[in-house]
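Asks: Positions in the sequence shown are counted from 1; adding 5 to them yields our numbering. I have a structure here, written as structure tokens, and I will follow up with some questions on it.
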Amino acid sequence: MPHISITDVTKAYAPRRRGGATVVAVDGVSLEVERGDVFGVIGYSGAGKSTLVRLINGLEPVTQGSIQIDGVDVTSLSGARLREVRQGIGMIFQRFNLLRSRTIRANVAYPLEVVGMPRDQRRARVDELLRFVGLEDKADAYPEQLSGGQQQRVGIARALAAEPAILLADEATSALDPETTDEVLDLLARVNRELGVTIVVITHEMDVIARIATKVAVMEQGRVVESGATYDVFTRP
Ligand code: ADP
Ligand code: ADP
Numbered sequence: 006m007p008h009i010s011i012t013d014v015t016k017a018y019a020p021r022r023r024g025g026a027t028v029v030a031v032d033g034v035s036l037e038v039e040r041g042d043v044f045g046v047i048g049y050s051g052a053g054k055s056t057l058v059r060l061i062n063g064l065e066p067v068t069q070g071s072i073q074i075d076g077v078d079v080t081s082l083s084g085a086r087l088r089e090v091r092q093g094i095g096m097i098f099q100r101f102n103l104l105r106s107r108t109i110r111a112n113v114a115y116p117l118e119v120v121g122m123p124r125d126q127r128r129a130r131v132d133e134l135l136r137f138v139g140l141e142d143k144a145d146a147y148p149e150q151l152s153g154g155q156q157q158r159v160g161i162a163r164a165l166a167a168e169p170a171i172l173l174a175d176e177a178t179s180a181l182d183p184e185t186t187d188e189v190l191d192l193l194a195r196v197n198r199e200l201g202v203t204i205v206v207i208t209h210e211m212d213v214i215a216r217i218a219t220k221v222a223v224m225e226q227g228r229v230v231e232s233g234a235t236y237d238v239f240t241r242p
């Protein structure tokens, strides 16, 4: 069974004002992501990539079609069942989205606090996560004291806190320089290899896909125009 199965999914946004046009952001997309894949979705700005990610983690309802995670149709879930599925999905973002008034430790602890993990257990888990991303010496620093790459590694630690089976990365390296991008991609590869997490990477950068994704879907105007093994989809010299 695929880990994530997207079947003929369409997302139309209602017009923002009366008489405005409906935007079909995702248009009849079908994709299968296998457990343990690093799956890339590439396309220009406006192609519908972010929308697709928000549909996968249930942040937006689909207009049509279905999305199954581990065989469970998540498009029909709500309330506690939806929250449970979303706990199994970690997210990282282009702008890291760390809380600037909280220390690194507190940022990583945040999702564990939300689910009510006891304090001592939380502390041990956060230490372990910071070790995994190589930032144990920054536990008491604030986000602004860290480089962009370090901040994204904190974002990854936070995303892994609840031991998700899936990690969604939305333009996770787009704010970073090439060197730091490598550092973050290496970490994502380790998350996949060592923790067995299925990763969906969305990006407009070919290099990112070429470096990390074993499979890729190319999106244009809401549609998947090509997909397959990265090796087959990308040309080679
Ligand atoms: P990408 O991530 O590839 O840049 P998006 O999914 O952000 O693409 O956007 C796809 C299309 O949907 C764009 O035309 C965008 O303007 C539109 N869109 C995105 N979010 C919304 C929204 N909340 N309301 C209306 N239109 C939106
Ligand atoms: P074990 O089953 O012996 O815990 P694992 O290889 O599954 O071995 O886990 C090793 C460590 O990695 C554990 O401390 C666990 O908390 C952490 N870990 C495992 N899976 C994930 C995940 N999906 N996200 C974050 N951390 C994880």
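Every residue gets a Cβ at the ideal spot worked out from N, C-alpha and C, and that includes glycine. The structure presented is a predicted model; accordingly, all values stated were derived computationally and were not measured.
Expressed to the nearest angstrom, what Euclidean distance is found between the alpha-carbon atoms of Gly-63 and Pro-169?
Replies: For Gly-63 and Pro-169, the distance between alpha carbons rounds to 15 Å.
Asks: For Val-28, which residues from the same chain have a beta carbon less than 6 Å from its beta carbon, with the 5 sequence-adjacent residues on both sides left out?
Replies: Once the five neighbours on either side are set aside, the close Cβ partners of Val-28 are Tyr-18.
Asks: Tell me the rounded alpha-carbon separation between Ala-167 and Asn-112.
Replies: Rounded to the nearest angstrom, the two C-alpha atoms are 13 Å apart.
Asks: Does ligand 1 have even one heavy atom less than 7 Å from the beta-carbon of Ser-50?
Replies: True, at least one ligand heavy atom lies under 7 Å from that Cβ.
Asks: According to the neighbour-count rule (16 or more other Cβ atoms, all chains shown, within 10 Å of its Cβ), is Gln-126 buried or exposed?
Replies: Gln-126 should be labelled exposed.
Asks: What's the gap between the Cα of Ser-10 and the Cα of Ile-72?
Replies: Looking at the two C-alpha atoms, the distance is approximately 6 Å.
Asks: When you measure from the CB of Thr-80 to every non-hydrogen atom of ligand 1, does any distance come out below 7 Å?
Replies: No.
Asks: Determine the direct distance from the alpha carbon of Thr-240 to that of Glu-188, and round the result to whole angstroms.
Replies: Computed Cα separation, rounded: 25 Å.
Asks: Span of the alpha helix (DSSP H) holding Lys-54?
Replies: Start and end: 54-61.
Asks: Since Ile-207 sits in a beta bridge, which residues does DSSP pair it with?
Replies: For Ile-207, which the question treats as bridged, DSSP gives the partners Val-46, Asp-175.
Asks: Looking at the strands, I want to know which residues DSSP matches up with Lys-220.
Replies: Answer is Phe-44, Ala-234.
Asks: State yes or no: is the C-beta of Ala-30 nearer than 7 Å to some heavy atom of ligand 1?
Replies: Flag set: Cβ of Ala-30 near ligand 1.
Asks: Determine whether the beta carbon atoms of Leu-190 and Ala-162 lie at a separation below 8 Å.
Replies: Not in contact: Leu-190 and Ala-162 (Cβ atoms no closer than 8 Å).
Asks: Does the Cβ-Cβ distance between Val-159 and Leu-140 come in under 8 Å?
Replies: Cβ distance < 8 Å, so Val-159 and Leu-140 count as in contact.
Asks: Rank Ala-164, Val-213, Lys-220, Arg-100 by C-alpha distance to the C-alpha of Glu-149 and give the top, closest one.
Replies: Ranking Ala-164, Val-213, Lys-220, Arg-100 by Cα distance to Glu-149 puts Arg-100 first.
Asks: Rounded to whole angstroms, what is the Cα-Cα separation between Lys-16 and Thr-56?
Replies: About 8 Å.
Asks: If we call anything under 8 Å between Cβ atoms a contact, is Val-205 one with Leu-173?
Replies: In contact: Val-205 and Leu-173 (Cβ atoms closer than 8 Å).
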